[in-house]
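Novice: First the structure, which I've put down as structure tokens, then a few questions once you've had a look.
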Ligand code: TRP
């Protein structure tokens, strides 16, 4: 057995909806590069999931390419991992159908994200939005992934994928690996800079609430300067100080300093100094990502080479699983 086969397999996906936020980066994508040393990693830009809400086609195409370039800029190495665009690999659509027929209407109706999104877009509650978690299960199960790095908002979907896998295995005989969530050891949950009780999100109406990883340094610094804090004027980590605690946790991730040393560093200093330091540290930290992104996005031929090879590798892995699933449900062999 090759070394590759001894490693546990990780699958994760990210939607190509605009550029990643500091939250996506710290909570997810910044870990993806490190994971590729110890795991057999498969990462996908999930454009098929993106069209469950209305998209401008030209923008979706551009955002998908940008998201792919960003993935590489954040440290995913297309030679160490399989990095591809979901719609390039037909196994996802094929597996989606098989799994849809092992998923109950009732369980999809209980998905909180469906309820939230259908309230937000009452004029477009399409069937794809409803069956979104089935496609996500297909992404994961088609590669027999052992582990799936996800944020809290995707836990219910992963739980459903586990149920679908188990149900299929019971009905038709062992095929799918039942995936486990992968929770990174470090990796703070990044909160909104304007309302630190809420997760940092691209959909926030307040442009100062959210840092994008391609924001220019002066924009990053300005947003941090405007971050909501409290009136105590002491830099310390505490539940009742969500604004300062959020800034401390961001500062800690980008500098590697622990909370105690941050408290010491800013002892006797005001929030203005602290916020500036956080802004500068984040801007410095993201500079190599921004530079690498600029280089990659200008080299469309290289990007194409990477995502084409990635799709081919992804197909090689997933088509075997799809073929087994087809046989198990009783489809006649086609070749
Ligand atoms: N639904 C995920 C999100 O919005 C993205 C996603 C699609 C995903 N397929 C996946 C994540 C498979 C992990 C595994 O965040």
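Numbering (my numbering), first residue to last: 30 to 364. By construction, the Cβ of each residue, glycine as well, lies at the ideal position given by its N, Cα and C atoms.
Over the uninterrupted beta strand (DSSP E) stretch that includes residue 181, give me the two end residues.
Specialist: As a first step, residue 181 is located in the chain shown; it is residue number 152 there, counting from the start. That residue, residue 181, is in no beta strand (DSSP E); it is neither H nor E in DSSP.
Novice: Is it the case that the CB of residue 232 approaches a heavy atom of ligand 1 more closely than 6 angstroms?
Specialist: For the purposes of this step, residue 232 is taken as the residue at position 203 of the chain shown. For ligand 1, not one heavy atom lies less than 6 angstroms from the Cβ of residue 232.
Novice: Going by DSSP in three states, residue 31 sits in which element: helix, strand or coil?
Specialist: Start at 1 with the first residue of the chain shown, and residue 31 comes out as number 2. Low local confidence applies: a pLDDT of 48 at residue 31 is under 50, so the model's placement there is unreliable, with the coordinate-based value given in what follows. Looking at residue 31 - three-state DSSP - the assignment turns out to be coil, as it is neither helix nor strand.
Novice: So what's residue 245 in DSSP terms, helix, strand or just coil?
Specialist: Indexing the chain shown from 1 puts residue 245 at position 216. Residue 245 falls in the coil class under three-state DSSP.
Novice: What is the DSSP secondary structure of residue 292, reduced to helix, strand or coil?
Specialist: Along the chain shown, one-based indexing puts residue 292 at 263. In the structure shown, residue 292 sits in a helix (DSSP, three-state: H, G or I).
Novice: Is the distance from the Cβ of residue 40 to the Cβ of residue 177 below 7 angstroms?
Specialist: In the chain shown, residue 40 corresponds to position 11, counting from 1. In the chain shown, residue 177 corresponds to position 148, counting from 1. Yes, Cβ-Cβ distance for residue 40 and residue 177 is below 7 angstroms.
Novice: With a Cβ-Cβ cutoff of 7 angstroms, do residue 111 and residue 285 count as a contact?
Specialist: Numbered from its first residue, the chain shown carries residue 111 at position 82. Numbered from its first residue, the chain shown carries residue 285 at position 256. Here residue 111 is not near residue 285, since their CB atoms are 7 angstroms or more apart.
Novice: Express the C-alpha separation of residue 344 and residue 360 in angstroms, rounding to a whole number.
Specialist: Walking along the chain shown from the start, residue 360 turns up at place 331. Walking along the chain shown from the start, residue 344 turns up at place 315. Those two C-alpha atoms are separated by around 20 angstroms.
Novice: Compute the Euclidean distance between the alpha carbons of residue 326 and residue 355, then round it to the nearest angstrom.
Specialist: Position 297 of the chain shown, counted from the start, is the residue given in the question as residue 326. Position 326 of the chain shown, counted from the start, is the residue given in the question as residue 355. Looking at the two C-alpha atoms, the distance is approximately 39 angstroms.
Novice: Could you give the C-beta distance for residue 309 and residue 263, rounded to a whole number, given that I count them as a contact under 8 angstroms?
Specialist: As a first step, residue 309 must be located in the chain shown, where it is residue number 280. As a first step, residue 263 must be located in the chain shown, where it is residue number 234. The pair is not a contact, with the Cβ atoms about 21 angstroms apart (cut-off 8 angstroms).
Novice: Can you list the beta strand (DSSP E) stretches of 3 or more residues lying completely in the segment 183 to 238, in chain order?
Specialist: 209 to 211
Novice: Curious, which full-length alpha helix (DSSP H) runs of at least 4 residues does the segment 267 to 332 contain?
Specialist: 271 to 284, 288 to 294 and 300 to 326
Novice: Mark residue 126 as exposed unless 16 or more other C-beta atoms lie within 10 angstroms of its C-beta, in which case mark it buried.
Specialist: Here residue 126 refers to the residue found at position 97 when the chain shown is read from its first residue. Per the 10 Å Cβ criterion, exposed.
Novice: Quick check: does the Cβ of residue 59 come within less than 6 angstroms of any heavy atom belonging to ligand 1?
Specialist: What you label residue 59 is simply residue 30 of the chain shown in a count that begins at 1. No, the Cβ of residue 59 stays beyond 6 angstroms of every heavy atom of ligand 1.
Novice: Can you tell me whether residue 69 is helix, strand or coil according to DSSP?
Specialist: One-based indexing of the chain shown puts residue 69 at position 40. Strand at residue 69.
Novice: I'd like to confirm something about residue 41: is its beta-carbon nearer than 6 angstroms to some heavy atom of ligand 1, or not?
Specialist: The sequence position of residue 41 within the chain shown is 12, counting from 1. Result yes, Cβ under 6 angstroms from ligand 1.
Novice: Buried or exposed, going by whether 16 or more other CB atoms sit within 10 Å of the CB of residue 134?
Specialist: If you number the chain shown from 1, residue 134 lands on position 105. When all chains shown are included, residue 134 counts as exposed.
Novice: Name the DSSP beta bridge partners of residue 147, please?
Specialist: Position 118 of the chain shown, counted from the start, is the residue given in the question as residue 147. For residue 147, no pairing in a beta bridge is given by DSSP.
Novice: Taking the runs of the beta strand (DSSP E) that are 3 residues or longer, which of them lie wholly in the segment 38 to 109?
Specialist: 38 to 43 and 69 to 74
Novice: I'd like to confirm the pairing. Which residues does DSSP put opposite residue 111 in its beta bridges?
Specialist: For this step, residue 111 is matched to residue 82 along the chain shown. Residue 111 is bridged to 71.
Novice: Mapping DSSP to helix, strand and coil, what is residue 359?
Specialist: For the purposes of this step, residue 359 is taken as residue 330 along the chain shown, with counting starting at 1. Correct three-state label for residue 359: coil.
Novice: Measuring alpha carbon to alpha carbon, tell me which of 301, 218 and 169 ends up nearest residue 256.
Specialist: Looking up residue 256 in the chain shown gives position 227. Of the listed residues, the one whose Cα sits closest to residue 256 is 301.
Novice: Can you find a heavy atom of ligand 1 that lies under 6 angstroms from the Cβ of residue 179?
Specialist: One-based indexing of the chain shown puts residue 179 at position 150. Residue 179: yes, Cβ under 6 angstroms from ligand 1.
Novice: Using 10 angstroms around the beta-carbon of residue 151, count the other beta-carbons present and answer buried if the total reaches 16, otherwise exposed.
Specialist: Working through the chain shown from its first residue, we reach residue 151 at position 122. That one is exposed.
Novice: Can you check whether the CB of residue 162 is closer than 7 angstroms to the CB of residue 187?
Specialist: Counting from one through the chain shown, the residue named residue 187 turns up at place 158. Counting from one through the chain shown, the residue named residue 162 turns up at place 133. Contact: no.
Novice: Could you give the distance in angstroms between the alpha-carbon of residue 37 and the alpha-carbon of residue 96?
Specialist: As a first step, residue 37 is located in the chain shown; it is residue number 8 there, counting from the start. As a first step, residue 96 is located in the chain shown; it is residue number 67 there, counting from the start. Near 25 angstroms, if we compare the C-alpha coordinates of residue 96 and residue 37.
Novice: Taking only the alpha-carbon atoms, compute the straight-line gap between residue 202 and residue 171 and give it to the nearest angstrom.
Specialist: If you number the chain shown from 1, residue 202 lands on position 173. If you number the chain shown from 1, residue 171 lands on position 142. Residue 202 and residue 171: Cα-Cα distance of roughly 16 angstroms.
Novice: Excluding the five sequence neighbours on either side, which residues of its own chain have a C-beta within less than 7 angstroms of the C-beta of residue 213, listed in chain order?
Specialist: Reading the chain shown from its first residue, position 184 is the one you call residue 213. Hits under 7 angstroms: 60 and 178.
Novice: Among 165, 82, 144 and 104, whose alpha-carbon lies nearest the alpha-carbon of residue 66?
Specialist: The residue labelled residue 66 in the question sits at position 37 within the chain shown. Nearest of 165, 82, 144 and 104 to residue 66, Cα basis: 104.
Novice: Using 6 angstroms as the cut-off, classify the Cβ of residue 169 as near or not near the heavy atoms of ligand 1, replying yes or no.
Specialist: Taking the first residue of the chain shown as 1, we reach residue 169 at position 140. At a threshold of 6 angstroms, residue 169 counts as near ligand 1, since its beta carbon sits closer than that to one of the ligand's heavy atoms.
Novice: Taking the straight line between their C-alpha atoms, what separation do you get for residue 98 and residue 319?
Specialist: For the purposes of this step, residue 98 is identified with residue 69 of the chain shown, where counting begins at 1. For the purposes of this step, residue 319 is identified with residue 290 of the chain shown, where counting begins at 1. Straight-line measurement puts the Cα of residue 319 at about 10 angstroms from the Cα of residue 98.
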